[in-house]
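The structure appears right after this line, and notes come after that.
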Amino acid sequence: MVDYYPSGCGVFGILRKRNSPKVKGNLVVRAIDRVRYRGSDKGAGFAVFNLEKRNYYVIKAFYEGNPSELKDMFSKYGVEVKNVELLTKYSNLCDCNLIALGDINEVRKAIRNVNEIMWNGKERRGRVYSVGSSLHVYKGVGYPKDVAEQYRVEEFEGDLWLAHTRQPTNSPGYYPFWSHPFSSFNVAIVHNGDVSSFGANVEYLNSRGLNSFVGTDSEVLAFLFEELIAEGLTIEEAVKILINPSRRFNALPKDIDYLYRNAMLDGPFTAVIGYDSGDDLYLIAIADRSKFRPAIIGEDESYYYVASEENEIREISPKAKVWTLKPGSYFIASYKKGIISYGRSNDELKTFSPPPIMVPEKYDINAYNIGYKELNYEILKLAEKGKKEITVANVLGHRYIGINLPAKNINNLRINLYGVVGNAMANLNEGNEFYVYGNVADDCCDTMHGGKVVIYGDARDVLAQTFQNGKIFVKGNAGNRVGIQMREYKDKRPYLIIGGIVDDYLGEYMAGGVIIVFGKGFNGEPVGNFVGTGMVRGRIYIRGKVSPSKLGLQPPRYEVMRLLKALFLEGLISSEEYDSLKNEEYIEIVNKLQGEAKEYAKKLFEEKIGVPTYEYRELTEEEFKELYPVVDEYSKDMMDYSYTELLKEKFTVITARKL
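Numbering (full-length UniProt numbering), first residue to last: 1 to 659.
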């Protein structure tokens, strides 16, 4: 089963704009320390770039033995080491800093050879983990603050920073070899997720002369990016290859697809890359095409940001503009050129909500300096004393808010939350109301049985998973995989209304309930791809016309053409029917096929992938009567527009196909 929850990693990146002050290390430490996962004390790290040109390279290595031996190793490969400095020790490992002179290609070759000597075999005596003219990596075992204190990271300044905290999902965590960031020459990456193409990626790197790896999937990202750039590809070309875009929508040129197939990534991942090209610095973020891991982008007057959680950005810049990466997209910001790719269209960017209100005039709890467990306890204490409305200020990434209320049978409570709410708010909610004056992170309202949630900002990915009863109202946008596995039973019917736009997989495996997407303020189609994939019951109403190509997980075009050709050769459709259907979308072809031809199509595709059906029309009288009171309640909560007027317009109405 797919893991829809955020994995145990937090990533962060920040790049300063030209003429803005350098980024202080203490800000970066504060931001990444906001992300505390269970087990995340198993590794953390930082990478800092400074663009000032130098005529030497800084090489960093963990080594079991006398640090001076490293100098001799590099000299054998033509690299002159001018200085060896012991930074710190991990048990029997020294952390060493080497200042080296030499040709760039000779330095690269030497590092590969030295790593092969030190790492191969059972002893694994050491590892070069950072090299560059502008790059310094600091990583170790512990929470971010532990590692920061060990290296005095808070005292440093830089043009570009990366930071990471993790639990060891694909490697041991007891030595710093496996902590992030991972680095190659003037490249550093931090990664959240899993790279299931690891074997193929290693084969590709082997074919380019790289034969020594610490064994974690994250490391290959840094080496892959460096190799692609070294082969003469532009940054955007290299990034597109890594993302491995869907051949259905954004296929790479056939020659590129063939040459670099083993360099493409597969699996759930978000990665943040820092790169020094020699005359410029780049902050890059990529997300897999299904976007199983979160990626938040931000910008203010001084800096660009990338984070796995919005609260990391808000810790530094409360008023920053933030948005999410689309599935299978990328963000690139340059120190000298500004933003090269936003990861979204300009029209979509305009729809994201403004910065949240952090502090109301009156409140009962200030959440800024307390953890989520303490916050939940404070809410519970007030509720048990009989208080029916509780207001919380300065929510900043607190997870699981309200999770303990169902266990205590507390209902009919209104909780007002000001700020940025973390993952898994109102999960298992039964009879309480949550009003959020800001944005909500992933997995909000999971398995909600009743009550109401009103969000005045944006909701992120996996909103309303297995939502079973009650109402969820979102004024702004929602993310990826919204309303998946929604269901209803007898008179219990859940209603989810989204005022803005939604990304891919809306209503995936839907088994009941109603979703309405208004797309207010957006001129295009307000939903992503794969709407209603595998749905068996329920209804999705999308204001405006939606291309049938966006519905369900439809078969590839070439398979549909082969089906039509076979039907024609078997005499099941005429030449006229073949000519009229060959340029149609799959969903229209199935609707128009008749008799035995339709049955063949069903057996070949429908029973396997479950593409929904749709109509573009006005609401029926019965639908209007059902939806009007719910939308009227939505309008009263939003207080900005009479959304019931929009019910008079045409909708794309999506329902499960009857087999």
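The beta carbon of each residue, even a glycine, is placed where N, CA and C say it ideally should be.
* Going by alpha carbons, who is nearest to residue 662 out of Gly524, Tyr634 and Gly397? -> Past the boundaries of the shown model lies residue 662; the chain is included only from 1 to 659, so the question cannot be answered.
* To do: Run the CB neighbour count on glutamine 594, radius 10 Å, all protein chains shown included, and call it buried at 16 or more, exposed below.
  => Around the beta carbon of glutamine 594, fewer than 16 other beta carbons lie within 10 angstroms, which makes this residue exposed.
* To do: Tell me where the beta strand (DSSP E) around alanine 287 begins and ends.
  => Per DSSP, alanine 287 belongs to the beta strand (DSSP E) from 281-287.
* Do isoleucine 540 and glycine 507 have their C-beta atoms within less than 8 Å of each other? -> Yes, Cβ-Cβ distance for isoleucine 540 and glycine 507 is below 8 Å.
* Which residues in the same chain as isoleucine 365 place their Cβ atom closer than 6 Å to its Cβ, once the five residues preceding and following it in sequence are excluded? -> If we look at isoleucine 365 and ignore the five residues flanking it on each side, its Cβ neighbours are Glu378 and Val392.
* Might you give, ordered along the chain, the residues of its own chain that have their beta carbon closer than 6 Å to the beta carbon of serine 130, omitting 5 neighbours on each side? => Cβ within range, chain order: Lys60, Val137 and Ser183.
* Within the same chain, show all residues whose beta-carbon is closer than 6 Å to that of leucine 281, passing over the 5 residues directly before and after it, in chain order. => Phe49, Leu51, Asp159, Leu160 and Tyr335.
* Which residue comes first and which comes last in the alpha helix (DSSP H) that contains tryptophan 119? -> Looking at the DSSP string, the run of the alpha helix (DSSP H) that includes tryptophan 119 is 104-119.
* To do: Measure from the alpha carbon of tyrosine 143 to the alpha carbon of each residue in Gly209, Ala47, Val35 and Glu618, then state which is nearest.
  => When the alpha-carbon of tyrosine 143 is set against those of Gly209, Ala47, Val35 and Glu618, the nearest one is in Val35.
* Touching or not, the segment 256-266 and the segment 296-313, by the rule of three or more beta carbon pairs under 8 Å? -> Using a C-beta cut-off of 8 Å, the segment 256-266 makes no contact with the segment 296-313, since fewer than three inter-stretch Cβ pairs fall below that distance.
* Entirely within the segment 365-412 and at least 3 residues each: give me those beta strand (DSSP E) ranges in chain order. => Runs of the beta strand (DSSP E) inside the segment 365-412: 389-396.
* For serine 547, collect the residues of the same chain with a Cβ closer than 8 Å to its Cβ; drop the 5 residues on either side in sequence, then sort them by chain order. => Taking serine 547 as the centre and dropping the five residues before and after it, the same chain places the C-beta of Glu525 and Glu585 closer than 8 Å to its C-beta, in chain order.
* For glutamate 85, which residues does DSSP report across the bridge? -> According to DSSP, which records beta bridges pairwise, glutamate 85 is partnered with Asn97.
* **Burial state of glycine 39 (16 or more Cβ within 10 Å)** => Because glycine 39 carries a pLDDT of 48, less than 50, the predicted location of this residue cannot be relied on, and the following value inherits that uncertainty. With fewer than 16 other Cβ atoms within 10 Å, it is exposed.
* Which class does glycine 456 belong to by DSSP, given the choice of helix, strand or coil? -> In the sequence as presented, glycine is not what sits at residue 456; that position holds tyrosine. Judged by DSSP in its simplified three-state form, tyrosine 456 adopts coil rather than helix or strand.
* Can you list, in chain order, the stretches of the beta strand (DSSP E) that have 3 or more residues and sit fully within the segment 174-252? -> Taking only runs of at least 3 residues, the beta strand (DSSP E) segments lying wholly in the segment 174-252 are 182-184 and 187-193.
* **For glycine 513, the first and last residue of its enclosing beta strand (DSSP E)** => Residue range 511-517 is occupied by the beta strand (DSSP E) that includes glycine 513.
* **Residue nearest to isoleucine 516 in terms of C-alpha spacing, selected from Ser574, Phe624, Arg414 and Asp72** => Ranking the options by Cα distance to isoleucine 516, first place goes to Phe624.
* Cα separation between valine 537 and threonine 655? -> In the sequence as presented, valine is not what sits at residue 537; that position holds arginine. Roughly 7 Å between the two C-alpha positions.
* State the start and end residues of the unbroken beta strand (DSSP E) segment that holds glutamate 299. => Counted as a single uninterrupted DSSP element, the beta strand (DSSP E) harbouring glutamate 299 occupies residues 296-299.
* CB-CB under 7 Å to leucine 27, same chain, minus the five flanking residues each way: which ones, in chain order? -> Around leucine 27: Ile316.
* **isoleucine 587 burial status per 10 Å Cβ neighbour count (16 or more: buried)** => Counting Cβ neighbours within 10 Å, isoleucine 587 comes out buried, since at least 16 surround it.
* To do: Give the C-beta separation of alanine 424 and aspartate 446 to the nearest angstrom, bearing in mind that I take them to be a contact with Cβ-Cβ under 8 Å.
  => Aspartate 446 and alanine 424 do touch by the CB rule: their CB atoms are close to 6 Å apart, below 8 Å.
* Asked: What did DSSP end up calling valine 322 once you bin it into helix, strand or coil?
  -> If DSSP states are grouped into helix, strand and coil, valine 322 belongs with the strands.
* Asked: Going along the chain, which residues of its own chain have a beta-carbon closer than 7 Å to the beta-carbon of leucine 283, five neighbours each way excluded?
  -> Once the five neighbours on either side are set aside, the close Cβ partners of leucine 283 are Gly13, Leu15, Leu160, Gly274, Tyr304, Val306 and Ala333.
* Asked: Nearest to phenylalanine 352 by alpha carbon, out of Pro494, Gly431, Ile296 and Ser635?
  -> Answer by Cα proximity: Ile296.
* Asked: Going by alpha carbons, who is nearest to tyrosine 480 out of Val81, Val531, Pro356 and Tyr616?
  -> Inspection of the sequence shows that residue 480 is occupied by asparagine rather than by tyrosine. Nearest in C-alpha terms to asparagine 480, of all of Val81, Val531, Pro356 and Tyr616, is Val531.
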